[in-house]
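In this note's numbering, the protein residues as written are 2 to 263.
Where is the CB? At the ideal position from N, CA and C, for every residue including glycine.
Heads up, the thing below is written out as C-alpha cells.
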Amino acid sequence: MRTELVSEPGDPGRPNEDFASVGLPASGQGGSLIVLDGVTPPRGETGCLHSVPWYTARLGGALTELTVSCRDLTLAEILSRAIVRTAEAHATTCDLSHPRTPQATVVLARWSPAEIEYLVLSDSALLAETPSGEVTAVLDDRLSRLPRSALATDAVIDTTLRNKEGGFFTAAADPSVADRAVTGSLLRAEVRALAALTDGATRWVEKFGEGDWADCLALVRKDGAAELVGRVRALERADAQERAYLRRSKTHDDATVVYVEW
2 MRTELVSEPG
12 DPGRPNEDFA
22 SVGLPASGQG
32 GSLIVLDGVT
42 PPRGETGCLH
52 SVPWYTARLG
62 GALTELTVSC
72 RDLTLAEILS
82 RAIVRTAEAH
92 ATTCDLSHPR
102 TPQATVVLAR
112 WSPAEIEYLV
122 LSDSALLAET
132 PSGEVTAVLD
142 DRLSRLPRSA
152 LATDAVIDTT
162 LRNKEGGFFT
172 AAADPSVADR
182 AVTGSLLRAE
192 VRALAALTDG
202 ATRWVEKFGE
212 GDWADCLALV
222 RKDGAAELVG
232 RVRALERADA
242 QERAYLRRSK
252 THDDATVVYV
262 EW
C-alpha cells in the first residue's frame, strides 16, 4: 500500500489552515483519510478567540480518531460527533452562532477489505480510480453552482448563503451540517487509488484547465503529490499580474493532497 501526503501553505508567513491525515488501525484491517480546508475569514469579527488552524487541528484530530475507532458509525455520524466535540472545546468562550466562527470543508474516506465509504462537504474533492484507469470525481458543487453576483460581498454571503438552504455548507459548530454532505460507498475491489485535494490543489483542473480529473490523478501517481502542488504554484505565479484565471481569488492558497494506492 502506498500513501502520500503533501500540504503547503499559500503564504509561508501565515499558518497553514489545511489539515490532513491517514489513519491505519492497529488491526491492519482498513484505514481512513481526512482532508480539511479551513475557511479563511475576512478581516473583522468572527466571534471566536481561536484561529482557523486551531479549529481544523481539533476537528481533524477528532475525525482521525473516530474514523478508525468507531467502525459502527457512518461517516456522517462521525462528522457530526467530531463537530460537537470541537464545539464543546470552545463553547464557553466563543460565540459559535457567528456566521464566521471557524469552519472547514471536509473530505473523508474510510475503507475495509470489502468497501470504501466517502463523504465530501463543500469545495474540496475526492478522486477514485478503478483498476482499468477510469476516474470518478466526488464533488459537492453547491458553491460552484451559485451565480457570481450572489457572491458579491462577504456580508451577503454570510446572511444568505453560508450554511443556509439554497447556498452552501461547511463544517462549523452545527452538527446537523453532516447530513448535508455528499456521501456514498464503492466496492473496494473496484478502486485501486484515492486522492483527496483541497481547492488550492484542484486549481490545476478547475482554475487553470491543465487537464481533467484523470490527468490530475495520473500526475500524482507518476510524479507525486508535491509535483502537482509545485505545478499549481508555477501557474499561480505566471497569472499573478494578469489574473486571467484566478480573477478575484487569492494568488496562492493552502494546497493539500492525500494519495492512497493499493
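| task | Specify, as a first and last residue, the run of the alpha helix (DSSP H) that S70 falls within. | result | Against the sequence shown, residue 70 aligns to sequence position 69. Start and end: V53 to S70.
| task | Report all residues from its chain with a CB closer than 8 Å to the CB of L74; omit the five preceding and five following residues, and keep chain order. | result | Your numbering for residue 74 matches position 73 in the sequence shown. Its chain contains L67 and R82 as the residues whose beta carbon lies nearer than 8 Å to that of L74, once the 5 sequence neighbours on both sides are disregarded; these appear in chain order.
| request: Would you kindly check if the distance between the Cβ of V261 and the Cβ of M2 is under 9 Å? | output: In the sequence shown, the residue the question calls residue 2 occupies position 1. In the sequence shown, the residue the question calls residue 261 occupies position 260. For M2 and V261, yes; Cβs fall inside 9 Å.
| request: Specify, as a first and last residue, the run of the beta strand (DSSP E) that V178 falls within. | output: Taking the first residue of the sequence shown as position 1, residue 178 is located at position 177. Note, V178: premise wrong, no beta strand (DSSP E); not H, not E.
| Would you call the segment 121 to 138 and the segment 42 to 57 touching, i.e. three or more CB-CB distances under 8 Å? | Judged by Cβ distances under 8 Å, the segment 121 to 138 makes no contact with the segment 42 to 57, as fewer than three pairs qualify.
| field | Those runs of the beta strand (DSSP E) which lie wholly inside the segment 188 to 239 and span at least 3 residues | value | Counting only runs of 3 or more, we get 194 to 198.
| request: Answer yes if the segment 131 to 143 comes into contact with the segment 113 to 122, meaning at least three C-beta pairs across the two stretches below 8 Å, and no otherwise. | output: At 8 Å Cβ cutoff, the stretches touch.
| task | Check the C-beta distance from D37 over to A110 and give it rounded, since I have them as a contact under 8 Å. | result | By 1-based counting over the sequence shown, the position of residue 37 is 36. By 1-based counting over the sequence shown, the position of residue 110 is 109. Reading off the sequence, residue 37 comes out as Leu, not Asp. In fact, because the Cβ distance is near 13 Å, the residues do not count as touching under 8 Å.
| task | Apply the 10 Å Cβ neighbour rule to C71 and answer buried if 16 or more other Cβ atoms are within range, or exposed otherwise. | result | As a first step, residue 71 must be located in the sequence shown, where it is residue number 70. Residue burial is scored here from C-beta neighbours: C71 has fewer than 16 other C-beta atoms within 10 angstroms and is therefore classed as exposed.
| query | Roughly how far, in whole angstroms, is the beta-carbon of R234 from the beta-carbon of H253, given that I think they are within contact range, below 8 Å? | reply | If you number the sequence shown from 1, residue 234 lands on position 233. If you number the sequence shown from 1, residue 253 lands on position 252. R234 to H253, Cβ: 7 Å. Contact.
| request: Look at the alpha carbon of L198 and the alpha carbon of G11, and state the distance between them as a whole number of angstroms. | output: Here residue 198 is taken as the residue at index 197 of the sequence shown, counted from 1. Here residue 11 is taken as the residue at index 10 of the sequence shown, counted from 1. Whole-angstrom Cα-Cα distance: 14 Å.
| field | Collapsed DSSP secondary structure at E9 in the structure displayed | value | Translated into positions along the sequence shown, residue 9 becomes position 8. It is a strand residue.
| query | Beta carbon of G39, beta carbon of D19: below 9 Å? | reply | Numbered from its first residue, the sequence shown carries residue 39 at position 38. Numbered from its first residue, the sequence shown carries residue 19 at position 18. Judged by their CB atoms, G39 and D19 are nearer to each other than the 9 Å cut-off.
| Between the CA atoms of R193 and S133 - distance to the nearest angstrom | Your numbering for residue 133 matches position 132 in the sequence shown. Your numbering for residue 193 matches position 192 in the sequence shown. So the two alpha carbons sit approximately 9 Å from each other.
| said: If distances are taken between C-alpha atoms only, which option among S28, A88 and L64 comes closest to H51? | reply: Within the sequence shown, numbered from 1, the residue matching residue 51 stands at position 50. Closest by C-alpha distance to H51, out of S28, A88 and L64, is A88.
| Close-in-space but distant-in-sequence residues of the same chain around R101 (CB under 6 Å, 5 per side omitted) | Position 100 of the sequence shown, counting from 1, holds the residue named residue 101. So the qualifying residues of the chain are P42 and T47.
| Taking the C-alpha atoms as reference points, what is the distance between V259 and S150? | Position 258 of the sequence shown, counted from the start, is the residue given in the question as residue 259. Position 149 of the sequence shown, counted from the start, is the residue given in the question as residue 150. CA-CA distance, V259 to S150, rounds to 33 Å.
| request: Please work out which residues of its chain come closer than 6 Å, Cβ to Cβ, to E9, disregarding the five sequence neighbours upstream and downstream, and give them in chain order. | output: For the purposes of this step, residue 9 is taken as the residue at position 8 of the sequence shown. Here E9 has V230 and A256 as same chain residues with Cβ atoms under 6 Å from its own Cβ, once five neighbours each way along the sequence are excluded.
| query | Helix or strand or just coil, what does DSSP make of L76? | reply | Locating residue 76 in the sequence shown gives position 75, where the first residue counts as 1. Helix at L76.
| Thinking C-beta only, is A173 closer than 9 Å to P114? | Taking the sequence shown and counting its residues from 1, the one referred to as residue 114 is at position 113. Taking the sequence shown and counting its residues from 1, the one referred to as residue 173 is at position 172. Contact annotation: P114 and A173 have beta-carbon atoms that are not nearer than 9 Å.
| task | Determine the direct distance from the alpha carbon of G61 to that of E211, and round the result to whole angstroms. | result | The sequence position of residue 211 within the sequence shown is 210, counting from 1. The sequence position of residue 61 within the sequence shown is 60, counting from 1. Inter-residue distance for E211 and G61 is about 30 Å (C-alpha atoms, whole angstroms).
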